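A short write-up of the structure that comes next.
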Amino acid sequence: KSASSSQQSANNPVSTIPELDLSKKAFKEAVVRHLHSTLGTDENKANNHAWFKAASAAIQELVLNRLRKTQKSHYLNDTRAVHYFSAEFLMGRLLSNNMHNFGLFETAQAALQELGVDLTDVLEEEPDMALGNGGLGRLAACYIDSLATMDYPAIGYGIHYEYGLFRQEIKNGAQIERPDNWRDYGNPWEICRPESIQEISLYGYVETKYGKKGQIQKEWHPGAIVKGLPWDIPVVGYGGKTVNVLRLWESQASGYFNWDVFNAGGYVDAERENVEAETISKVLYPNDETEAGKELRLIQQYFFSACSLKDIIRRYKRAHGDDWSRFTDQVVIQLNDTHPAIAIPELMRILVDRAELDWDSAWEICQNTFAYTNHTLLPEALEKWPARMIEKVLPRHLEIIYEINHRFLSEVEKKWPGDNLMKAKLSIIEESNEKMVRMGNLSVIGAFAVNGVAEIHSRLVKQNLFPEFDALYPGKLTNVTNGITPRRWLKACNPLLSDLISKKIGNDWPLHLSKLDDLSTLADNKTFQNAFMRVKQKNKDALAKEIKQLTGISVDTKAIFDIQIKRLHEYKRQHLNLLHILALYRRLLENPDYEMHPRVFIFGAKAAPGYALAKTIIYAINKVADKINADVRVNQKIKVVFLPNYRVSLAEKMIPAADVSQQISTAGKEASGTGNMKLALNGALTIGTLDGANIEIAEEVGDDNIFIFGNTVEQVEALTARGYNPYDYYYNNKEIKAVLDWLDSDYFTPGQPGELSPLKQSMLDGGDPYLVLADFESYSEANIRLDEAYKDKTRWAKMAILNTAKMGKFTSDRSIEDYVSKIWKLEKCGIE
Ligand code: Z2T
C-alpha cells in the first residue's frame, strides 16, 4: 500500500505514519464508501450534512486506527497517566481539527473539490460540542489536545450532557435561551462503550457493623442505583500519532430504586426533588461563576466523579490486582475546580469501606492522588454544599468528610494551639445557620498540589484566599499559567496568517510556539508588515460578511475591529465598554468634527439565564447598537454589533479579524483569561487592565505594544478599604454623569423609559462593586492612545506583528509541561 508521501505538502505533520494511507485518492474513496454504505445515499443526492457525516467517518477510520495503537501501547507499557476530571469540556467542532491534526486538511479540501463539494460548507454542518460554559471548559479542551500532541498518557473524564450550553437568540434586543440539540442527527465521533458501564449509589442510610477483628465497619445501604454509560470521544494529537480519549458518562436507570430503604432512611416526609436517573446527565448548568446549590448539580458531580473513579480502579486492578501499593505511581487525578471534589471522600470510602484499608493508609493514597486547580476568587463561585443535602444524597460521604475534618483540625491544633478562630476559618465545615461543606477547603486538604491559573491569581490565592493553608502546607500552593492550543487558535482558524508565518519561519511553530519570536526581526520590515496587514484585512472582510449575514448590519472594513468576547459578567465589565461607546456617541453629537478613526465595536456574550443584570447589559448593548447604527450623524464613525450565540465556532471566525482585544476586568477578578491569549496570538492589540494573564502578556510584548489602564489590584484594595463612593465620579465627571443619565431616558428604548435604569443604578446606589466609574477616565484615555496608534499604519503593523511573535509562552503545551514537571510527573509514551 502506498503511503504516497510525495503527495504530502510540506505542511503535513503526519507524513511519517507509514501504515495509514493519507493520500487524496484514499480519502476520496473512503468518503464515497461511507456515503454509500454508512449514509445510504450517493454523490448526486448527498447534501452538505451527508458529506459532513461521510467525511467525518472517513477521518474516524484513521482516528480509530491510532486510538487502538495508543491504547495498546499505554497498556503494554503500564504507563502512569493523568486523569483530568472536569464537569465541562468545551470541545467545539472536531472535523476540521482532526483533519488538521492528521495533516489532511488540504488533501481533504482538494478531494472534496473533485467531488464537487466545498469543504468550508461541509465544516459548517457540524454542531459545536458545547459541553461547557466558558474559559474553564475550553481550557480542559485545550489541555487534552496538548496532552495527546505531546504523547502523554491522559484521559479526560466528564459528563455526556444531552443538552450543552443553551443556544442564544436575540429577540428585540433581549437574550432568549433555546435548547442545544447537539446530538439530534447523531455524533460521528463518539463511541458508545456498554462493556464499561459502571453503577453508582445514591441516598439510603449507613449501617455501623463490627468486623471479624472487632473493628468498626460501615455499610452504605443505598436508596437508588444509577448506571453510567461511557461515551468515548477520541482526542487526536497534532501529527496524529497519539490518540487519547475523553470519556463522558451518560446516566441511565438501573431499575433499582429501593423505596423500603428510602423510607427507612427517614426521608418519606422530606421534600425530594424528582431526580430520575436519566435526568442526571440531561443538561449542563449554565452558570459560569455562581454556585447553583441544587441537589441535581451535586448528584451530577458525584455521578461522574464516582463513575470515573470506578473506571480508573477497574483498569488499575486489571494490572495490579488488590495490591494498592502502586496506585499512586500509576494514577494522578487533576480536579478542574471543586466540581469533582466529592471524588476525595469517594476514594476514601472505596479504600476504607470496600478495600478495608486502615484510615491512615487510605488517606496517604488519597493525598498522593489528587491535585486541584482553582479558577476564581469570586466568593459566589466558591462551592459550598448544605451538610443536610450531602447527608441525604451521600450519607456515608458526609461521615467521611467529618472524619477528614476532625483529623485535620487536630493538625491545626498542633500548629496553632488553642486558636479556635483559626480552626473555624480552616474547617471544612462552615458553622453558619445552616451547616455548609466548603469544597475548596476539602480540596486543599485532600490534594497534594493546588494551583492558580496565572501569576497574579496564584499570588492572590496564597495571600487572600488560602493564606493559612499556605503556612500549614508550604509549597503545596503553586502557579500554572493557562495556555491555549495554537493548532485550533491559529493554524486552523487563521489559515492565511498561518501560511504567511510558515513561509517566513517554517512550519513547526504549531509544536514549538516560541519559534514565533523569529517574526520579531520582521516587525519593522515594510514588505512583511504589508503582508501581515493584508491578511488581517482579508479576515476582516470575511467577518464583515458574516456580520451582515447574521445581523443585517453593514460595517466599514477599514474601521478598527474592536472585539469583546467572553461570558457576560459584571466583573468583566462589558458595561465599561458600553459607557465608553456612549461617551464617544455624545462627543460626536456635540462635535461632528471629533477626531477618531472609524471603529466597529463587536460583542459576543451569553448571560446565565438567572443573572438579571447581565441580561440587562446585553439588552442595553443591543438597544444602543440599534440607535447608533441608524444614526447617520455618527454611523460613519461608530457601529456597534452584538453577534448572537457566541460559541467556539464563532470565536474561530471573530478572533482572526480583531484589531483590538478588550480585556477590561476589574483588577484581581479575572483569574487568567484565555481569550486574551487567542486574540493577541492572532495579531490583535490588547486594551486591558493589570489583571489575570494580561500582566504576563504585557511582560512578553512589552509596554509599548499593549494599552494598559485602570486601577491595579493594590489600588482597588485601597479604594475599597477607604470606602469607594461611585457618586464622587458621577458628580465630578460631566461625561460620566451625562452617559449614566442617558440610560434613564427613553432615548435608546423609545416609549419605554427606565428599561436601562437598573444598569445605571448598579453603578450608583448599587455601589458599583466592580469599580466601573473609578476606571472610566483611565479607560477613555487608553482608547485615545489606541486611536492615536492606529493612525500610524506602520506603527500599528509593527505592534500587531510583535503581539503574534511574543505569544510563544501561552501555548497550552507549555502549560502542560508545567503541570507535568511540577505536579503530574508523567513520562511520554510514544507509539511504536
Ligand atoms: C470559568 O470559566 C472560570 C472560572 C470559574 O470559576 C468557572 C468558570 Cl465556568 C469557578 C474561568 C475564569 O474566569 C478565567 O479567568 C480563566 O481563564 C478560566 O476559568 C480558565 O482557567
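In this note's numbering, the protein residues as written are 144 to 975. Using N, Cα and C, we set each Cβ at its ideal position, and we do this for glycine too. These figures come from a predicted structure and were not determined experimentally.
Whole-Å CB distance - residue i paired with residue j, under 8 Å assumed
i: D271; j: G301; result: Not quite, the Cβ-Cβ distance comes to about 16 Å (not below 8 Å), so this is no contact.
i: A757; j: A750; result: 4 Å
i: M797; j: L686; result: 6 Å
i: Q473; j: Y459; result: 6 Å
i: A635; j: N241; result: Not quite, the Cβ-Cβ distance comes to about 10 Å (not below 8 Å), so this is no contact.
i: L822; j: A801; result: 5 Å
i: Q395; j: L372; result: 6 Å
i: A764; j: L725; result: Correcting the residue type first, residue 764 is Ile in the shown sequence and not Ala. So it is not a contact: roughly 11 Å between Cβ atoms.
i: E489; j: S448; result: 6 Å
i: D294; j: L308; result: The pair is not a contact, with the Cβ atoms about 31 Å apart (cut-off 8 Å).
i: L902; j: I807; result: So it is not a contact: roughly 16 Å between Cβ atoms.
i: A367; j: Y399; result: 7 Å
beta-carbon residue i near the ligand Z2T non-hydrogen atom, thresh 8 Å
i: D431; result: yes
i: A524; result: yes
i: H518; result: yes
i: T817; result: yes
i: A1027; result: With the chain represented from 144 up to 975, any question about residue 1027 goes unanswered, as that position is not in the structure.
i: N625; result: yes
i: N837; result: no
i: L282; result: yes
i: N622; result: no
i: L279; result: yes
i: L521; result: yes
i: R710; result: yes
i: E713; result: no
i: G275; result: yes
i: D930; result: no
i: A757; result: no
i: E231; result: yes
i: V587; result: no
i: E598; result: no
i: A810; result: no
i: D480; result: yes
i: A814; result: yes
Opposing strand residues paired with residue i [DSSP bridges]
i: Y754; result: None, per the DSSP bridge assignment.
i: W363; result: V349
i: R957; result: According to DSSP, which records beta bridges pairwise, R957 is partnered with nothing at all.
i: W392; result: I302 and P373
i: A224; result: V474
i: V784; result: I745
i: C972; result: DSSP output for C972 lists no bridge partner at all.
i: K314; result: A317
Per-residue DSSP class, three states only, for residue i
i: C509; result: helix
i: H740; result: coil
i: C450; result: helix
i: P529; result: strand
i: Y515; result: strand
i: R469; result: helix
i: D802; result: coil
i: A169; result: helix
i: F612; result: helix
i: A484; result: coil
i: S575; result: coil
i: V775; result: coil
i: E419; result: coil
Contacting residues, own chain, Cβ-Cβ under 6 Å from residue i (five flanking each side not counted)
i: D949; result: The sequence shown places Lys at residue 949, not Asp. Excluding positions up to five away in sequence, the list reads E843 and V844.
i: A590; result: F513, A514 and Y515
i: D705; result: R742, F744 and V803
i: D961; result: V623
i: T481; result: E526, M582, G583 and S586
i: Y410; result: With a pLDDT of 45 at Y410, under the threshold of 50, the modelled position of this residue cannot be trusted, and the question is left open.
i: K880; result: Y873
Cutoff 7 Å; reference residue i; Cβ partners in own chain excluding five residues on either side
i: V580; result: K527, W528, A530, I533, I544, I571 and I572
i: N387; result: T213, I287, L290, A291, A297, I298 and V378
i: A810; result: T832, L833, D834, G853, N854, T855, V856 and V859
i: E268; result: N191, H192 and F195
i: S553; result: none
Cβ-based neighbour list, residue i, same chain, cut-off 8 Å, excluding 5 preceding and 5 following
i: I648; result: K658, L659, D661 and L662
i: A413; result: Confidence is the limiting factor: at A413 the pLDDT is only 40, short of 50, which leaves the residue's position unreliable, though a coordinate-based value still follows. Once the five neighbours on either side are set aside, the close Cβ partners of A413 are K535.
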